[in-house]
Structure formats: C-alpha cells, structure tokens
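Accompanying notes for the structure given below.
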Amino acid sequence: MPDFDQEGKGETQAWQPDLSAPAVLLEGVSKSYGRIFALSNITMALNGGVTGVLGMNGAGKSTMFKLLMGKLKPSQGKVRLFGTDPWKNPAPYARVGFVPEHEKMYDWMTAHQFVSTFARLNGLTRAEAMLEADRVLNFVGLADVAHKKIGQYSKGMRQRAKIAHALVNDPELIILDEPLQGCDPLARTTIMNVIRELGRMGRTVIVSSHILQEIERITEQIVILHNGRLLALGNLHAIREKLDQIPHRITIEADDAKALAKDVIDMDEVYGISFPDKKNLSIQTHNLGAIHAQLPAAIVNNGHRIHTIDNPDDDLASILGYLTSGGGL
Amino acid sequence: MEAKPNTIYRALDRKAAAITEFTMRQYRTKASTWVVLGVGLVAISLVLLIYVDVMSTGFESIDNDGDSEDPDGDGYPTGQENKYGTDPYMATSNPGLLRPSIEPEPASNYIDEDGFDISISGTASAQSTGYDDDGDCRESDRTNSQKDTNGNGIVCDIELRYNQYQGDWDVDADRYVDEDPDDAAYAAEASHMAFVLGIGKMGFVLLLGMFLPLFLATGLIREEMNDGTMHFMLAKPIARTEVFLYRILGYLGIVWPYFIAIGLLFALISGFIGPSDGFFRFQDLGVWLAIIFATMMASFVYGMLFCALGTMWRFGIVLAIPFAAWELGMCIVSMGAPEAAILRFSVIGWALMIVDAAAVIVWPNMELFILQGQTMEDFGLIWSTSNALNFFYSEPGVGGSGLVSAVFATVVLLVQGAVFWLVGGAIFKGKEIE
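So the sequence lines, in the order shown, correspond to chains A and B.
Mapping the first sequence onto the numbering used here, position 254 (from 1) lands on 672, and the numbers just tick up by one.
Mapping the second sequence onto the numbering used here, position 60 (from 1) lands on 49, and the numbers just tick up by one.
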C-alpha cells in the first residue's frame, strides 16, 4: 500500500528500529542461482566504524549488498537491517545510504537535481531536499559543479554524486559498492577522505573493493569474501600479520641479474633466490617490508641498473590463494 | 523533521511528486518519447485530413426520384407534369396547354422535394410514420393498393417494425414517400457524426489510448531494472508498489495533456468545419470531451497493465501484443454488438461505452436519423453515410441512461486500473533486482 503520509517511513508506518539490534546482521545467509552459490552461509554482524569488504570480482560482495538492500531475497538464512528484514520492509532505508556499483546514472540531470529528487523519497519536501542536496554535495566536494549535468562528469565526480545521494538524511549506515573503481588518484583520495570522515562521525560504513591497498588506506576492520564464502573477518593488522608469514616474491629485472643477486643474498630476510631467466632475479622472503627498505640502497650503492621491481604476490589473488589453501604458495 | 503541519500539498510534494516529476522529465529527455507522440499525431492527423477534404468538397444533392428531368423536352419537369396530370413523355401534353396556362417551374423545385418525416412514438412494435411532402404518392389516379406498397393498410406511409432480434427498427416505406430528401445535408451530417465517433473510438481510444502505453509504459519499471538505475530509487524508504504507482502518474503526466491537446484541437477543427447552422457545432463538444476522457481512462488502465507485464518479464511487450490484438477485436465487436457479454472482459469495451453514452446524450435523435438513411436503401450517398454512422454509433451496452452507463463504465475502468496496479506492484515486489 502506498505511504499516504509520504514521510518515507516505508510500509510499516510505525516502524521503529530495534535499538538492540546491530545495523547489519547476516545469519547463515546463502544466495544461490540454481546450483551456483553466489554467497554461502555468511554470518556476521556489523555495527559502527568503517568496514572494508574485500574480494575479487565475483566473490559475492555485490550480492551481499543487494541482499542487505532488499534487492535480492536470501535463499537461506536471515538478513536484518536494524533488526528488520529488508526484503519485506523498506522502512530501514530511512537510515541507510547505498551507493550501487552500477555505472549507469541519469546523465540528463544535474547532480543537484539528482540528489534533491531522490532526497524527496526520504520524505523531505522540495525545499528541504534542496537544502539537503547543497549540504551533501558540499560534503563530497561537488558544490562548485553541482549544477552541471552528470553526463559531463568524470568518473570520480559521478562516484561522488552517487555518494552524495546516499548521504541524504544523514544515514547511520552507509553501504558503498566499489566506490573507488575507475576513479583517478585525486578522486580516490577525496572519496577515501569522505569515507574516513564518515567513520569519524560515528557512522557505520561498509565499503567494498577488490584492491587491498585501497581498503588499507581507509580502514582496519575488514571482511574478506572469496567465492561466496566468508574467509576472514577482523582487524586488518591481525590478518596482515598472518599474511606477512606468507612467502613473498620480489621480481627484479636488471642488466646484470647475477651481480645483483650477490648483493641481495646477504640480507637477513632473504631466504631464497632464483633466476627465472637471464635478465630477471626472483627473491623469496617472509618480510616484504624489510626487503623494500634495504633494496634501494643495495641497488644504488653497487651501481646496478635495473628496469622494473615487481611484487607479483602482493595482490589480493595471492593472499586469497594463501588463505584458501591454508598456506604455501 | 520539524513539526510543520502536514498539509496534503506538503505530503504530496515529497515522494509522489518527486517520482512523478522525475518520470516526466525522464520521458522528455528521451527521443523515443517524442517519436511515439509524433507518430501518433501524424497517424491521427491523416484521418483528419481526409475528413477536412470530404467536408470542404461537400456533397452534391441528387434527384433521387428523377422527377426534375424533362424527358419530352417541353420545358416542364416530370414532377410538374405529374402534378397536373399531363404526360411527361409527350411534348404535346404539358401544363402550358391547360386553361389557364401554367408556366414551367425550374427543375430545382423537384430536387430534394420530399424530405424525411420519420418519428417514433411510444413503444408499439409496429408504427406508421412518414409524410408524402410532394404529393406524388397521393395522386388521385393511383389506386389504394398502389399507394400502400408496404401493405400495412395505411396509404402513403412508412412502416417501422421493431426487430427484437437485432434490437432495431426495420423500415418499410410506401413508394414515393420521403423518396427525394436532401442528400447533401444528410450525407454531411451523417459523415460528420460518423467521423467524430469513428476517429474518437478507433483513432483516440484504441490507437492513441493503447499504442502510446504500449510503447511508453511497458518499460517504465523494466528499463530502470535493466539499466541498474532502479537501485537508486529502491535504496530509499519507499515501497515498490508506491514506485510503481508514481511512475504511472509520471507517465500519465505526459500522455494525458497530449490527449487533451489533440482532442481539443480535433474538436475545434471539426466543430468549425462540420455542417452547422451557426458557426460552430457546440453540441459536439460533449462527445469530444467524452472521447478525451475515455482515451485518458483507457491509457490509464493499459499503462498499469503494460507496465506490470514489463515488470514481469524482460520482453513484456511480447505479452502485451496478444492483448492488444484482443482489444482490437473487442473494439470491432463493440461497434457491431455493444451488448455482447464478452466485451465485459475487455478494457476497450468499457472505454468505448463512455463515448457511446455521451453520443446518446448529445445526439438524442440518432436512432431516428440512422433510420431515415435506411429508407433510402436503393440510393448511394445517404445509404452509405447512414451505414457508416450506424457502424460507429452504438447504444451503451449495459442499458440504462447515458449518464448511468458512463459513470458505471468509469468505475469499472478505475477498478481495472487498480487491480492491474496491485498485480503489477505484487510482481514488482517479488522481483529480484540485479
């Protein structure tokens, strides 16, 4: 039934959030398409602070968010937003802001029109929505281009417009699906600052990414999803420590790989060296940071000419590989 | 939110107005909207052009009984010779030779000299009506059986017999009664009314009322789902049935003004061009308003339905097309058999009932007017225009007065729209959105 009061309280007029319930609660949640599980048996509760959801493409990050936003119905388990089932009742969205991953936006609108129009769906009147749009667009740093068409925006500006739209009505929970994807470095920094600021303001923020370094810069609390399963949940440092135990490789392309090897082999943290081919040197270590600290001096002092330095394992795929295989690369 | 009084305006200025305005603006930015509206206007204007052409060319009255001719060349038309009992085929026999001598009358006196004098009184199933204006039936040298060719015992009359199977009157006229009416006036009037009803029913209610929603409403929810932009709307505290309803309001905000504008344009043009004693046919406005209203109601119900079909399936338009074909069939059925029970299972049947109801109210003597044309079975112009009018005109099929039928049909259409809304909303509610 329509909400005749139009105040954005959702279907249940008298909806009251369950104050004892966490902002986000997933209990044994699975989502399957036929025989393929997009998410399987996820259980977690999140309340307060910034949480990074880390996973490769197809890990189930977006599926989890869509379950939280009532776009998908869980195949099994229980999804609760402030204690309410979002599939059945949109009322909790009054306290939630959502930034979908979809690229497509209403290019024919200005950011201000976009944000103020959708602000009215939160039950704001036209005048209130205008003021609110000014506020949130200023918050994400789009105030000076607020009256330009979204179609003329860069990728980073579009993402910020989406974030602004989610911040209307000062939500307690903000869910951002890949907000940094495709953004230039400047936009990335701005968006990260916005997210950190929201965390400082005491909001519950959930942000997903497939790039570890991005999440690292935003938060310490992370959730790692892989193939629809919850792989790790907790403080990044704790996970990192575990990750530091993983043998890492550093690959260096140098004019004289063998000569360079002689200067590197003496370092304490290096436990193995190999030559994939004539020009390349591969170093094995348990302590990536220490090697990276010593390497520049070793190269410069000994007059080596090098072309590239690469950490082929320092990406999410390797870490996930390590976590899933229970160690050993 | 601060505690300002929540007036209706303030209430509606939130979600409902936001999505409605948004949807209207979205339509305006799409080229496809303008193409659909433009094609609709062009298609319906072509019919208007034909009408304008017919009306401006006019109709030529013919001498249906041939008594304006002068076969013997003596200067006296047949009708005049008959009146004075001379032989129209013999030049040496003419009224000029009578004492006193009679001057020849112009031939035009014998064109359209015996117009329609038909009326229906009471409910008797057989009635005698008609009057032989020019006296050629009542000539004294004819026997009574010659004057009573329909054999109802009354000379020089027209017998109306009620045909209870077809629900209309059979016309049986004595020879030479009402046999030379004003073709031009009749054909113009009949063509005009047939045009108004025909374009109103088939052009407005069926073509515009159904094809606009087919192209504009089917994607109302579906396109947003496909594009992924539906996530923005559904991330807000708003029920999906509400989104469905307000999107439809936005769609109506585009098509209703369009129908009103085109409908009034047509009413003005046909009102000035159509046959009239004054400069404008004011009485037709009632029918035009009913046509506009019926089109609005039809587009409302179809919009709800097609939007629901689009929500249900990515290729909802495929589901909508068989339905459109059904409605086309029902439209034609309603012209021939407006009382057919099968029409109650259509949208168009109810929408056209509104037009029929208005026609009954605005043109109360329509039945008689069509009957007049039926007396002229042997002659082209009157008979064919009367037939066209008879095809497009039908009395509201549920009985009762025009007003009752119109109100009843409107209520049914509102209920249909509401049902399609609830069904569509329920489908939307159960849809997972990727």
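Backbone N, C-alpha and C define an ideal beta-carbon position, used for all residues, glycine too.
Using CA atoms only, rank isn't needed, just tell me which of the options is closest to residue i.
i                      : options                    : result
residue 688 of chain A : A:564, A:700, A:694, A:592 : A:700
residue 631 of chain A : A:622, A:579, A:586, A:599 : A:599
residue 190 of chain B : B:351, B:324, B:385, B:14  : B:324
residue 57 of chain B  : B:63, B:346, B:67          : B:67
residue 503 of chain A : A:649, A:604, A:433, A:586 : A:433
residue 64 of chain B  : B:133, B:81, B:53          : B:81
residue 423 of chain B : A:452, A:488, A:670        : A:488
residue 514 of chain A : A:726, A:592, A:482        : A:592
residue 358 of chain B : B:158, B:294, B:221        : B:158
residue 668 of chain A : A:677, A:523, A:682, A:674 : A:682
residue 340 of chain B : B:290, B:55, B:99          : B:290
residue 20 of chain B  : B:330, B:204, B:79         : B:204
residue 476 of chain A : A:569, A:614, A:450        : A:450
residue 310 of chain B : B:207, B:213, B:327, B:376 : B:207
residue 481 of chain A : A:638, A:444, A:508, A:673 : A:444
residue 588 of chain A : A:499, A:523, A:511        : A:511
residue 293 of chain B : B:32, B:405, B:12          : B:405
residue 400 of chain B : B:273, B:120, B:226, B:283 : B:283
residue 123 of chain B : B:198, B:166, B:419        : B:166
residue 182 of chain B : B:32, B:44, B:403          : B:44
residue 530 of chain A : A:544, A:629, A:520        : A:544
residue 55 of chain B  : B:92, B:100, B:33          : B:100
Measure the Cβ-Cβ separation of residue i and residue j and say whether it is below 8 Å.
i                      : j                      : result
residue 582 of chain A : residue 560 of chain A : yes
residue 261 of chain B : residue 277 of chain B : no
residue 624 of chain A : residue 577 of chain A : no
residue 107 of chain B : residue 417 of chain B : no
residue 567 of chain A : residue 528 of chain A : yes
residue 440 of chain A : residue 463 of chain A : yes
residue 170 of chain B : residue 271 of chain B : no
residue 612 of chain A : residue 540 of chain A : no
residue 249 of chain B : residue 281 of chain B : yes
residue 677 of chain A : residue 722 of chain A : yes
residue 394 of chain B : residue 385 of chain B : yes
residue 61 of chain B  : residue 77 of chain B  : yes
residue 382 of chain B : residue 195 of chain B : no
residue 39 of chain B  : residue 232 of chain B : no
residue 3 of chain B   : residue 538 of chain A : yes
residue 161 of chain B : residue 119 of chain B : no
residue 654 of chain A : residue 460 of chain A : no
residue 522 of chain A : residue 217 of chain B : yes
residue 551 of chain A : residue 574 of chain A : no
residue 318 of chain B : residue 201 of chain B : no
DSSP has residue i in a bridge; who is on the other side?
i                      : result
residue 293 of chain B : Partner(s): none; residue 293 of chain B has no beta bridge.
residue 400 of chain B : DSSP lists no partner for residue 400 of chain B.
residue 116 of chain B : B:149
residue 653 of chain A : A:639
residue 103 of chain B : B:169
residue 626 of chain A : A:471
residue 158 of chain B : B:151
residue 132 of chain B : Its beta-bridge partners do not exist; DSSP assigns none.
residue 494 of chain A : A:448
residue 644 of chain A : A:647
residue 727 of chain A : A:670
residue 499 of chain A : A:442, A:502
(request) Let me know the beta strand (DSSP E) ranges lying completely inside the stretch 31 to 89 of chain B, each 3 residues or longer, listed in chain order. (result) The DSSP assignment places no complete run of the beta strand (DSSP E) inside the stretch 31 to 89 of chain B (cut-off: 3 residues).
| Enumerated in chain order, which unbroken segments of the beta strand (DSSP E) with a length of 3 residues or greater are wholly contained in the stretch 173 to 252 of chain B? | The stretch 173 to 252 of chain B contains no whole beta strand (DSSP E) run of 3 or more residues.
Using a Cβ cut-off of 8 Å, which residues of the stretch 197 to 229 of chain B contact any Cβ in chain A, in chain order? Per Cβ criterion, the list reads 216, 217, 218, 220, 221, 222, 223, 224, 225, 226, 227, 228, 229.
Which runs of the alpha helix (DSSP H) at least 4 residues long sit entirely within the stretch 440 to 488 of chain A? Give them in chain order. Fully enclosed alpha helix (DSSP H) runs of 4 or longer: 479 to 486.
Original post:
Just by C-beta distance, which residues in the stretch 4 to 19 of chain B are closer than 8 Å to chain A?
Top reply: Residues of the stretch 4 to 19 of chain B with a C-beta atom less than 8 Å from some C-beta of chain A are 4, 5, 6, 7, 8, 10, 11, 14, 15, 18, listed in chain order.
- Just list the beta strand (DSSP E) runs in the stretch 660 to 712 of chain A, keeping only unbroken ones of 3 residues or longer that don't cross its boundaries, in chain order. Whole beta strand (DSSP E) segments, 3+ residues: 666 to 672, 688 to 692, 698 to 703.
Legend entry - Segments of 3+ residues assigned as beta strand (DSSP E) that fall wholly inside the stretch 565 to 613 of chain A: Along the length of the stretch 565 to 613 of chain A, whole beta strand (DSSP E) runs at least 3 residues long occupy 591 to 594, reported in chain order.
At a Cβ cut of 9 Å, what residues of the stretch 47 to 66 of chain B count as close to chain A, listed as they run along the chain?
-> Residues: none.
Practice item. Just list the alpha helix (DSSP H) runs in the stretch 508 to 560 of chain A, keeping only unbroken ones of 4 residues or longer that don't cross its boundaries, in chain order. Key: Counting whole runs of 4 or more residues, the stretch 508 to 560 of chain A contains the alpha helix (DSSP H) stretches 529 to 537, 544 to 557.
Please name the residues in the stretch 511 to 523 of chain A whose beta-carbon is closer than 9 Å to at least one beta-carbon of chain B, in chain order.
The residues in question are 511, 512, 513, 514, 515, 516, 517, 518, 519, 520, 521, 522, 523.
When you check each C-beta in the stretch 536 to 548 of chain A against every C-beta of chain B, which residues fall closer than 9 Å? Taking 9 Å as the Cβ-Cβ cut-off against chain B, the residues of the stretch 536 to 548 of chain A that qualify are 536, 537, 538, 539, 540, 541, 542, 543, 544, 545, 546, 547.
* Scan the stretch 645 to 658 of chain A for residues whose Cβ lies nearer than 8 Å to a Cβ of chain B and list them as they occur along the chain. => Result list empty, no residue passes.
What residue ranges within the stretch 315 to 366 of chain B form continuous beta strand (DSSP E) runs of no fewer than 3 residues, ordered along the chain?
-> You should have found no qualifying run.
Which residues of the stretch 481 to 492 of chain A have a Cβ closer than 8 Å to any Cβ of chain B? Give them in chain order. Using a CB distance below 8 Å, the part of the stretch 481 to 492 of chain A facing chain B consists of 484, 487, 488, 489, 490, 491, ordered along the chain.
**Item:** Members of the stretch 376 to 404 of chain B near chain A, C-beta cut-off 8 Å
**Value:** The residues in question: there are none.
message: Closer than 8 Å between beta carbons: that is the criterion. Which residues of the stretch 497 to 511 of chain A meet it against chain B?
response: Those would be 508, 509, 510, 511, in chain order.
Against chain B, which members of the stretch 567 to 583 of chain A pass a CB distance test of less than 7 Å?
Hits within the stretch, in order: 583.
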